[in-house]
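A short worksheet on the structure shown next.
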Amino acid sequence: MISKNLKPASLKDKFFLIIPSVLHDESFLSWFARTSYLHYIHPQTFLNTHFGLEYRDIFKRDLDVALNNDLIKIFTKKTRNKIDISSLTLGKYTGYLYEDEIVNATNKMFISNMKFCPICLKKDKIPYFRQTWKLIFITVCAKHNCFLYDVCPECNSKVSLTKMYQNKKSFLYCHKCGFDLRKSKIQILKRDLINGINAQNKLMNILKKGYIKFEDRWVYSFVFFITIIQITKLILLRKHSYFVNKNPLFKILKNKLAEHIKISPPVFNRLNNQELFALFGLIMDIFDNYPKNFKSFINKNQLTYWDMVKEIKYLSFWYDTLVNDTTPRYSAFGDMITKEEIENAKKYFKRNNINISKANLQRLFKTRNYFFKLKEI
Ligand SMILES: [Zn+2]
Ligand SMILES: [Zn+2]
Numbered sequence: 001m002i003s004k005n006l007k008p009a010s011l012k013d014k015f016f017l018i019i020p021s022v023l024h025d026e027s028f029l030s031w032f033a034r035t036s037y038l039h040y041i042h043p044q045t046f047l048n049t050h051f052g053l054e055y056r057d058i059f060k061r062d063l064d065v066a067l068n069n070d071l072i073k074i075f076t077k078k079t080r081n082k083i084d085i086s087s088l089t090l091g092k093y094t095g096y097l098y099e100d101e102i103v104n105a106t107n108k109m110f111i112s113n114m115k116f117c118p119i120c121l122k123k124d125k126i127p128y129f130r131q132t133w134k135l136i137f138i139t140v141c142a143k144h145n146c147f148l149y150d151v152c153p154e155c156n157s158k159v160s161l162t163k164m165y166q167n168k169k170s171f172l173y174c175h176k177c178g179f180d181l182r183k184s185k186i187q188i189l190k191r192d193l194i195n196g197i198n199a200q201n202k203l204m205n206i207l208k209k210g211y212i213k214f215e216d217r218w219v220y221s222f223v224f225f226i227t228i229i230q231i232t233k234l235i236l237l238r239k240h241s242y243f244v245n246k247n248p249l250f251k252i253l254k255n256k257l258a259e260h261i262k263i264s265p266p267v268f269n270r271l272n273n274q275e276l277f278a279l280f281g282l283i284m285d286i287f288d289n290y291p292k293n294f295k296s297f298i299n300k301n302q303l304t305y306w307d308m309v310k311e312i313k314y315l316s317f318w319y320d321t322l323v324n325d326t327t328p329r330y331s332a333f334g335d336m337i338t339k340e341e342i343e344n345a346k347k348y349f350k351r352n353n354i355n356i357s358k359a360n361l362q363r364l365f366k367t368r369n370y371f372f373k374l375k376e377i
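full-length UniProt numbering puts the first residue of the sequence shown at 1, with every later residue one more than the last.
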């Protein structure tokens with residue numbers, strides 16, 4: 001039985017007695033739970049005894065992303081500076097996944113619940129949960145060629161590393177029903193879906209490096225991830241499935257596409273793990289044979305420039321040019337520029353902090369020598 005009866009904050013000024021080494025790619029919560037087990041204290045009690053009630057609200061959140069700088073400092077100190085706590089949290093991807101915005105509890109579009117590979121957990125000498133299992137686009141274990149689980153296969157509960165079944169079973173057991181997660185049925189990937197693993201590896205590489213290279217152009221990873229959100233909306237919400245429907249991965253998504261999907265909550269949360277696997281595989285395929293596939297996707301779905309850029313917060317020069325080369329900003333119908341296009345152009349200016357003026361509009365539609373009436377602006 002692991003002790004649950006310790007007074008809050010009674011160990012506030014104390015170091016942790018046992019400080020286990022961090023395992024490869026281990027998540028903060030996984031390391032923290034293991035540390036608690038080694039002290040024979042329930043992880044939540046361990047938090048309370050070392051931190052009191054001061055941080056109670058933060059501790060209710062997902063600490064793999066919500067750990068703030070103050071707490072990172074205190075945790076690091078408690079390990080006698082032996083562990084670099086900040087490297088264990090997903091906050092380190094700030095600037096890689098999103099521009100300046102900090103990856104934290106409220107801004108975590110690309111962060112999922114904790115997933116797991118049953119074979120990894122079974123084969124680990126010291127079983128633990130990986131940081132990468134919390135990235136939304138990591139859906140398979142590339143080592144064991146199987147799908148990860150995002151919930152307990154017995155009762156559908158999310159994995160929670162700081163809860164314990166009946167206060168005594170470790171994180172290897174579902175905290176709700178006690179099921180041994182290592183005994184989850186292995187879902188091996190079929191051969192025709194292997195491309196999805198390549199897509200996942202590519203995405204991981206982009207995130208690690210912080211950029212992706214297209215021909216002679218370098219693109220920041222956060223710019224690429226913004227693009228992924230836009231294309232996701234085109235496929236899932238607006239059902240533009242030509243081109244991607246030729247890919248074997250498409251069959252996994254087919255039923256989902258038949259459903260009406262609401263924009264909120266974040267669109268990725270609407271998909272299960274296997275559907276996410278298919279989605280990211282399809283999107284990466286659009287960027288294969290660059291820029292051929294990308295152009296085919298636009299052309300086959302008859303998408304306009306505005307369809308492609310509509311909701312993009314930071315429109316990069318790379319993406320703007322790429323889209324414009326295939327489907328130019330101006331109307332394809334002679335000198336006709338529709339009211340809608342002008343409206344869209346105004347929104348585009350606003351977003352990019354460009355003055356809404358006649359001269360700028362003319363520059364935008366430069367290939368047409370179109371005369372704008374001032375009152376339309
Ligand atoms: Zn594995
Ligand atoms: Zn369960």
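Virtual Cβ for every residue (Gly too), placed ideally from N, Cα, C.
- Proximity to D70 across D62, K60, K82, F51 peaks at F51, based on C-alpha coordinates.
- Looking from the CA of K190, the closest CA among N145, T79, D180 belongs to N145.
- Cβ neighbours of T227 within its own chain (closer than 8 Å, five residues either side excluded): I312, Y319.
- Distances from the CB of F179 to the heavy atoms of ligand 2 include at least one below 7 Å.
- Residue range 217-220 is occupied by the beta strand (DSSP E) that includes V219.
- The C-alpha of K73 is placed about 32 Å away from the C-alpha of L148.
- Per the coordinates, the alpha-carbon of N301 lies some 21 Å from the alpha-carbon of V267.
- Straight across, the Cα-Cα distance linking K251 with N245 is about 8 Å.
- I119 has its CB nearer than 7 Å to a heavy atom of ligand 1.
- Between the beta-carbon of F110 and that of F280 there is about 11 Å, and that puts the pair past the 8 Å contact cut.
- Nearest Cα to T35 within the set I194, S157, F15, D57: F15.
- If you look at Y319, you'll find it in the alpha helix (DSSP H) that goes 317-326.
- Distance check between I83 and each of P20, K169, L364 places P20 closest, using alpha-carbon atoms only.
- In the three-state scheme derived from DSSP, where H, G and I count as helix and E and B as strand, R34 is classed as helix.
- Contact between N324 and L282 does not hold, since their C-beta atoms are separated by about 23 Å, which reaches or exceeds 8 Å.
- Close CB contacts of S10 within its chain, under the 8 Å cut and outside five residues either way in sequence, are with T49 (chain order).
- A direct Cα-to-Cα measurement between L63 and T89 gives close to 8 Å.
- Taking K209 as the centre and dropping the five residues before and after it, the same chain places the C-beta of S221 closer than 8 Å to its C-beta, in chain order.
- For the pair R56 and L47, the Cα-to-Cα distance works out to about 9 Å.
- Contact between N272 and D150 holds: their C-beta atoms lie close to 7 Å from each other, under 8 Å.
- Annotation for Y211: the continuous beta strand (DSSP E) segment containing it runs 211-214.
- Collapsing the DSSP output to three states places F147 in a strand.
- In the structure shown, Y173 falls within a strand segment according to DSSP collapsed to helix, strand and coil.
- Less than 8 Å divides the Cβ of E275 from the Cβ of K256.
- Rounded to whole angstroms, the gap between the alpha carbons of I286 and N156 is 33 Å.
- At least 8 Å separates the beta-carbon of G178 from that of K185.
- Assigned with DSSP and collapsed to three states, E26 falls in strand.
- Shortest gap from the CB of K158 to any heavy atom of ligand 2: 7 Å or more.
- For M164, no alpha helix (DSSP H) run applies, since DSSP gives it neither H nor E.
- Residue pairing by DSSP places C141 opposite C146 in a beta bridge.
- Short of 8 Å from the beta carbon of E26, and not among the five residues preceding or following it, lie these beta carbons of its own chain, in chain order: L88, Y128, F129, R130, Q131.
- In the three-state reduction of the DSSP assignment, D84 falls in the coil class, being assigned neither a helical nor a strand state.
- In this model, I194 and K346 are separated by some 44 Å (Cα to Cα).
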